Amino acid sequence: MKKLLYLGALSAILLTACEEEKPATEPTEVETGLVTTESTQEELNAKMKSEAIELDIVAVNENKVKADTKVFAKGIVSGLVTEKSVDFEFVLTTEGEETGMYGIENYALTDTKYGAEITVYGTYNGMNNLGIPTITATLVE
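Start counting the sequence shown at 1389; every next residue gets the next number (our numbering).
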């Protein structure tokens, strides 16, 4: 009986000693005032444009671009996707050091037409399951 009492007391001591300390979190953009809930869409678009870097297909192929990086790409709509098995809406072909093709998930709700010359702003998602680099577009011009 004494052994059970000692074992219980020892367990309680060990459990309280192992309590994890929660790390301090950094304030969010809303808390710091950088983004307010009253921001207009124009302000959000301007912020995206100022933070986005031009996506380069060479850097993408060499895995030098991290997923969730804010990016932009200029090119021509070279394909509209109608198959449900593919997770993007259209293909953007870019010119540069090398020709690049990106799958675009269009959350900007902008109507795009085959052959249109556009610029997409959004986040780079990495390669999809077919090995195609994809961008989630929040702004299409």
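Note that beta-carbon positions come from the ideal geometry of N, C-alpha and C, so glycine has one too. Keep in mind the model is a prediction, meaning the values are calculated, not measured.
At a cut-off of 3 residues, the continuous stretches assigned as beta strand (DSSP E) that sit fully inside the segment 1442-1511 are 1458-1468, 1478-1482 and 1488-1494. DSSP places Ala1525 in the strand class (E or B) of the three-state scheme. When Thr1470, Ile1506, Glu1450 and Ile1441 are compared, the shortest CA-CA separation from Phe1460 is found for Ile1441. Across the set Glu1486, Asn1516, Thr1500 and Thr1487, the C-alpha of Thr1500 shows the shortest separation from the C-alpha of Phe1478.
Minimum Cα-Cα distance from Glu1505 among the listed residues Glu1471, Leu1443, Val1528 and Glu1439 corresponds to Val1528. Here Thr1524 has Glu1493, Tyr1495, Gly1510, Thr1511 and Asn1513 as same chain residues with Cβ atoms under 7 Å from its own Cβ, once five neighbours each way along the sequence are excluded.
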